[in-house]
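Asks:
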Amino acid sequence: MIPSSSSSVNGSHAINGSTPQAFPDDAALSSPSASYDDPNHFNGHANGFILDRHNTDIVNHLYHSGFQTGNYADTVLHVHQGHTVTYRLHAIILSRSPFLAHLMSTSPPGNGNVIHLNLERDPEVTHDGFAVALGYLYSSASLALIHEKNCRAVLASAHLLGGMDELCSYSYDACRRSISVDTIGEWLQFIDTIPPPSDGTTTPDLTQTSIFGPYGQRLRDDVFTFLVVTLPQSLDIHPDSSSSKSGGNGRDMLLQIFSRVPFDLFKTAMESPTFEIGSDQTRFKFAKDAIDVRKRGIARGAEETVVLSNFGGSAIHITRKMRKRPLWKTRTSPSFMATFNLFFTGRDDPLSCIIIGEDTVPRFFCFETPERQFHGIRTTVYANNNSRVASLVFGPGKQLGSVTIGGTRAQPEYRTFSMADLVAPGSNHNARSFFSVDGRKYEWRKCANLSGAYDLYALNPPVVRVAAFRRCSEDTPVGRSTGLLQYTFAQEGLLLHTLITLCLNRWVDM
Numbered sequence: 001m002i003p004s005s006s007s008s009v010n011g012s013h014a015i016n017g018s019t020p021q022a023f024p025d026d027a028a029l030s031s032p033s034a035s036y037d038d039p040n041h042f043n044g045h046a047n048g049f050i051l052d053r054h055n056t057d058i059v060n061h062l063y064h065s066g067f068q069t070g071n072y073a074d075t076v077l078h079v080h081q082g083h084t085v086t087y088r089l090h091a092i093i094l095s096r097s098p099f100l101a102h103l104m105s106t107s108p109p110g111n112g113n114v115i116h117l118n119l120e121r122d123p124e125v126t127h128d129g130f131a132v133a134l135g136y137l138y139s140s141a142s143l144a145l146i147h148e149k150n151c152r153a154v155l156a157s158a159h160l161l162g163g164m165d166e167l168c169s170y171s172y173d174a175c176r177r178s179i180s181v182d183t184i185g186e187w188l189q190f191i192d193t194i195p196p197p198s199d200g201t202t203t204p205d206l207t208q209t210s211i212f213g214p215y216g217q218r219l220r221d222d223v224f225t226f227l228v229v230t231l232p233q234s235l236d237i238h239p240d241s242s243s244s245k246s247g248g249n250g251r252d253m254l255l256q257i258f259s260r261v262p263f264d265l266f267k268t269a270m271e272s273p274t275f276e277i278g279s280d281q282t283r284f285k286f287a288k289d290a291i292d293v294r295k296r297g298i299a300r301g302a303e304e305t306v307v308l309s310n311f312g313g314s315a316i317h318i319t320r321k322m323r324k325r326p327l328w329k330t331r332t333s334p335s336f337m338a339t340f341n342l343f344f345t346g347r348d349d350p351l352s353c354i355i356i357g358e359d360t361v362p363r364f365f366c367f368e369t370p371e372r373q374f375h376g377i378r379t380t381v382y383a384n385n386n387s388r389v390a391s392l393v394f395g396p397g398k399q400l401g402s403v404t405i406g407g408t409r410a411q412p413e414y415r416t417f418s419m420a421d422l423v424a425p426g427s428n429h430n431a432r433s434f435f436s437v438d439g440r441k442y443e444w445r446k447c448a449n450l451s452g453a454y455d456l457y458a459l460n461p462p463v464v465r466v467a468a469f470r471r472c473s474e475d476t477p478v479g480r481s482t483g484l485l486q487y488t489f490a491q492e493g494l495l496l497h498t499l500i501t502l503c504l505n506r507w508v509d510m
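With the UniProt record's numbering, letter number 106 in the sequence shown gets 106, and the count goes up by one each step, no holes.
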């Protein structure tokens, strides 16, 4: 019986009845470096040509007689994907793939070199794409079979089999080139199955990302770049353009395409500064028109809105909520039935964040703190209409300072408070109290068993919990959220005091 592997080399160490002999090293297998006109190497060029042709003939023979016709096969591979396709192959060639080498080494001994590969859970790996990747183990001739219809399946198959970096790169480039106005619909369907990159605090869905490896996120980025950069340019939509095409057919085509974009990608695109189709007002109008079209299609069952602001980075902010308002719960939501939700987005920083939600009216707050400040920290709070509704001035180091609140319907005049009064000692060592604009006393109680969690209680009899804040890092109706405030009241003044005192409590406990 011939062993499947050996430390010996065929033809040496008395294997196959021969005596030890010398084998060429890698240098001898390459074309001679000497010039062919060297009198001592007059046939160097000819020898190189002969070697190249000889190697090409061997590879062509392996591909045609080995892969295409299955001559002298020693291994049978059954691929199950919808229907079964059977290949008669060669173990020594299959061993170039780490994935197939592992399958062969772990197959039952009495299986007769028969391998079964079930790809039912990997719909991106089609029979067509898998055949191209399998053929690449024998010869690069299979590259000629890659086209825009199967390039993504070839990429998935090549990454699955492993050891094919060149094929992965080649098929990825074919994928990238295939993204166009005609194919963007298919690519949007594909992107909808690729989860956004994880921030490290949650476990991502690896079903699709693992089959494409790093190319999954690269393809997602390529589709995004096409949507926000390439597509507007190809439709002659430019920031300084006033042509009829820019305002007519080109814009209509752009609207129709964005009406089919998944929400997270739509939100990122509309808020991206690279989406240069005109002024902030122009982008705002485009987002509103796109949302109007989306209501009849991909956004059916949800309510998407756009807010125009002049602070906090992007001037455009897209939000979404379900029309039938189910209670949104994070993994650490409190058990009581909260009526309204505010989502904290942007940075996980109480002094620099954007807060979006709705109670009886839409709510939008921005806590803005410049990065470099030499005379203490100053935080400005903006509300729905972009007006300044509060400013927080901290003392040197980490000392409390003062808070000025005003400019709202509930409190039009500006009043200044000591921060110490807004985080006064509460009913226990984990509580801090304050008086709100309604004259009632409230206190934030830090949850002992949950990191960064706070509950707000109204202390005037009866004592009742009226709000709760929980940190989170997960997808929500407004995108990626770092925190959730659930509350049971709709008074504008109390809500602003609630957010400011929550900010102070979180800052003090940092």
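All C-beta atoms, glycine included, are put in the ideal place defined by N, C-alpha and C.
Quantities reported herein were computed from a predicted structural model and do not represent experimental measurements.
Buried or exposed: which applies to Gly395, given that a residue is buried once 16 or more other Cβ atoms fall within 10 Å of its Cβ?
Replies: By the 10 Å Cβ count, Gly395 comes out exposed.
Asks: Would you kindly check if the distance between the Cβ of Leu484 and the Cβ of Cys503 is under 7 Å?
Replies: Cβ atoms of Cys503 and Leu484: not closer than 7 Å.
Asks: Could you name the residues of the same chain whose beta carbon sits closer than 7 Å to that of Cys168, not counting the 5 residues immediately before and after it, in chain order?
Replies: Correct list, in chain order: Leu155, Ala158, His159, Tyr215.
Asks: Could you check the C-alpha separation between Ala458 and Gln486 for me, to the nearest Å?
Replies: When rounded, the distance between both Cα atoms is 15 Å.
Asks: Output the distance between the C-alpha atoms of Phe364 and Thr230, rounded to the nearest integer angstrom.
Replies: Going from the Cα of Phe364 to the Cα of Thr230 covers about 32 Å.
Asks: Determine which residues share a DSSP beta bridge with Thr86 and list them.
Replies: In the DSSP output, where bridge partners are listed per residue, Thr86 has His78.
Asks: Starting from Asp349, follow the beta strand (DSSP E) in both directions and report where the run begins and ends.
Replies: Asp349 -> beta strand (DSSP E) spans 340 to 349.
Asks: Any idea if Met510 is buried or exposed, counting beta-carbon neighbours within 10 angstroms, 16 or more meaning buried?
Replies: Exposed, because fewer than 16 other Cβ atoms sit within 10 Å of the Cβ of Met510.
Asks: Quick check on the burial criterion: 16 or more other C-beta atoms within 10 angstroms. Buried or exposed for Ala490?
Replies: The residue is exposed, with fewer than 16 neighbouring Cβ atoms inside 10 Å.
Asks: Return the Cβ separation of Leu456 and Ala468 in integer angstroms, given the expectation that the two are a contact with Cβ distance under 8 Å.
Replies: Yes, they are in contact, since the Cβ atoms of Leu456 and Ala468 sit about 7 Å apart, within 8 Å.
Asks: Leaving out the 5 sequence neighbours to the left and right, which residues in its chain are closer than 7 Å to Phe275 when beta-carbon positions are compared?
Replies: Excluding residues within five positions, the ones whose Cβ falls inside 7 Å are Val228, Ala269, Arg283.
Asks: DSSP state of Glu474, grouped into three classes?
Replies: Three-state result, Glu474: strand.
Asks: Between Ala290 and Gln256, what straight-line distance do the alpha-carbon atoms span, to the nearest angstrom?
Replies: Near 8 Å, if we compare the C-alpha coordinates of Gln256 and Ala290.
Asks: Ala490 by DSSP, collapsed to three states: which one?
Replies: DSSP places Ala490 in coil when its eight states are reduced to three.
Asks: Which residue from Gly112, Leu103, Ser97, Arg296 puts its Cα closest to that of Asp165?
Replies: Ranking Gly112, Leu103, Ser97, Arg296 by Cα distance to Asp165 puts Ser97 first.
Asks: With three or more C-beta pairs closer than 8 Å as the rule, is the segment 119 to 128 touching the segment 80 to 88?
Replies: A contact exists between the segment 80 to 88 and the segment 119 to 128.
Asks: Are Met343 and Ser451 close, meaning C-beta to C-beta below 7 Å?
Replies: For the record, residue 343 in the displayed sequence is Phe; it is not Met. No, the pair does not count as a contact, with Cβ atoms beyond the cut-off.
Asks: Between the Cα of Pro262 and those of Asp122, Gly479, Cys366, Leu392, spot the shortest distance and give me the residue it belongs to.
Replies: It is Gly479 whose Cα lies nearest to the Cα of Pro262.
Asks: What does the Cβ neighbour count give for Gly278, buried or exposed, with the cut at 16 atoms within 10 Å?
Replies: Buried, because 16 or more other Cβ atoms sit within 10 Å of the Cβ of Gly278.
Asks: Using CA atoms only, rank isn't needed, just tell me which of Arg152, Ser95, Ala424, Ile355 is closest to Pro123.
Replies: Comparing Cα positions, the closest option is Arg152.
Asks: Ends of the beta strand (DSSP E) at residue 511?
Replies: Outside the displayed span of the chain (1 to 510) sits residue 511, for which this structure offers no information.
Asks: Given a threshold of 16 other Cβ atoms within 10 Å of its Cβ, counted over all protein chains shown, does Gly112 qualify as buried or as exposed?
Replies: Burial call: exposed.
Asks: Using the rule of at least 16 other Cβ atoms within 10 Å of the residue's Cβ for burial, across every protein chain shown, is Pro362 buried or exposed?
Replies: So Pro362 counts as exposed.
Asks: Let's see if you can read the secondary structure: which residues bound the beta strand (DSSP E) around Asn118?
Replies: Asn118 -> beta strand (DSSP E) spans 114 to 118.
Asks: What residues match up with Arg296 in a beta bridge as DSSP calls it?
Replies: In DSSP, Arg296 forms no bridge with anything.
Asks: Pick out whichever of Val423, Val466, Leu265, Ala431 has its Cα sitting closest to the Cα of Ile500.
Replies: Of the candidates Val423, Val466, Leu265, Ala431, the one whose C-alpha sits nearest the C-alpha of Ile500 is Val423.
Asks: Hey, quick one: how far does the beta strand (DSSP E) through Pro362 stretch, first residue to last?
Replies: It spans 362 to 368 - the beta strand (DSSP E) in which Pro362 sits, taken as one unbroken run.
Asks: State the start and end residues of the unbroken beta strand (DSSP E) segment that holds residue 575.
Replies: Outside the displayed span of the chain (1 to 510) sits residue 575, for which this structure offers no information.
Asks: Grouping DSSP H, G and I as helix and E and B as strand, with all else coil, what is Gly185?
Replies: Looking at Gly185 - three-state DSSP - the assignment turns out to be helix.
Asks: Under 8 Å: do the segment 86 to 100 and the segment 47 to 58 share three or more Cβ pairs, one atom per stretch?
Replies: No, the segment 86 to 100 is not in contact with the segment 47 to 58.
Asks: When the Cβ atoms of the segment 172 to 181 are set against those of the segment 101 to 110, are three or more pairs found closer than 8 Å?
Replies: At 8 Å Cβ cutoff, the stretches do not touch.
Asks: When DSSP labels each residue in this structure, what does Glu148 get in the three-state scheme?
Replies: Three-state DSSP puts Glu148 in coil, outside helix and strand.
Asks: Tell me which residues share the same chain as Arg347 and place their Cβ nearer than 7 Å to its Cβ, disregarding the 5 neighbours each side in the sequence.
Replies: Closer than 7 Å at Cβ, skipping near neighbours: Cys353.
Asks: Suppose you measure from the CA of Leu137 to the CA of Phe49; what does that come to, to the nearest Å?
Replies: Whole-angstrom Cα-Cα distance: 24 Å.
Asks: Since Phe434 sits in a beta bridge, which residues does DSSP pair it with?
Replies: Partner(s): Tyr442.
Asks: Check for me: the beta strand (DSSP E) holding Val403 runs from which residue to which?
Replies: Start and end: 402 to 405.
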